[in-house]
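Student: Note that the working numbering gives residue 119 to position 107 of the sequence shown, counting from 1, and the numbers run on in steps of one. Glycine included, each C-beta is placed from N, C-alpha and C at the ideal position. Remember, it's a predicted structure, so these values are computed and weren't measured experimentally. Provided herewith is a single structure, encoded as structure tokens, for subsequent inquiry.
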Amino acid sequence: MFNCLGDGCVAEMTTMLDCIKEHEFENTPCTSQIAAFEACMLKHKETIKEMRSVAREGLLFDEKQKLTFAQINHMMTKYQQPGPSIRNLRDFRMAAHKTFRIKRKLAKCAKINKPVPQWVRMKTGNRIRYNAKRRHWRRTKLKL
């Protein structure tokens, strides 16, 4: 009857309340149920205190339950991963040869003086940026 981790003394509380209801809300005949409920609550509070102290330290309390954020952070600090480097970011660019579709999109953005989308800049390595003072554009061979 002592299941203090999962339900938190619900069974003891229901038996105590049923006994009190049977005896028309007098607690003298139900002293054994009340004592069992109080003992379960004390044990439950102790286990909660223990779990909180263990969680603060970052140690694992029980393998069946889910890990807390403190436990996950503690485990992740043991096995650190290298952060992203500049080389990894440069690998996302496309080769020097650009497809006609991307060239046409770049020229159109340049003609109407619109900012080039970020994905186009990243894929092509394009250095074109929006320039508010530039109003006259040369015609391209793409005939846009």
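(1) How is Leu54 classed by DSSP in three states: helix, strand or coil?
(2) If I measure Cβ to Cβ from Phe49 and keep anything under 7 Å in the same chain, skipping five residues before and after, which residues do I get?
(3) Could you tell me the distance, in whole angstroms, from the CA atom of Phe104 to the CA atom of Gln130?
(4) From this set, Cys52, Cys31, Ala51, which residue's C-alpha is nearest Cys42's C-alpha?
(5) Kindly list the residues whose CB is nearer than 7 Å to the CB of Ala51, restricted to its own chain and excluding five residues on each side of it in sequence; keep chain order.
(6) What is the DSSP secondary structure of Phe112, counted as helix, strand or coil?
(7) Please report the straight-line C-alpha distance between Glu62 and Gln92, rounded to a whole angstrom.
Tutor: In short, the structure shows the following:
(1) On the sequence shown, position 42 is the one that residue 54 refers to. DSSP places Leu54 in helix when its eight states are reduced to three.
(2) The count along the sequence shown starts at 1 and reaches residue 49 at position 37. Correct list, in chain order: Cys21, Glu24, Met25, Met28.
(3) By one-based count along the sequence shown, residue 104 stands at place 92. By one-based count along the sequence shown, residue 130 stands at place 118. The pLDDT assigned to Phe104 is 49, lower than 50, so where the model puts this residue is not dependable; a value taken from the coordinates is nonetheless given after this. Each residue's alpha carbon lies about 12 Å from the other.
(4) For the purposes of this step, residue 42 is taken as residue 30 along the sequence shown, with counting starting at 1. The candidate whose alpha carbon is nearest that of Cys42 is Cys31.
(5) Start at 1 with the first residue of the sequence shown, and residue 51 comes out as number 39. The answer is none, since no qualifying residue turns up.
(6) Sequence index remark: in the sequence shown, residue 112 carries index 100 (1-based). Phe112 falls in the helix class under three-state DSSP.
(7) For this step, residue 62 is matched to residue 50 along the sequence shown. For this step, residue 92 is matched to residue 80 along the sequence shown. The alpha-carbon atoms of Glu62 and Gln92 are separated by roughly 28 Å.
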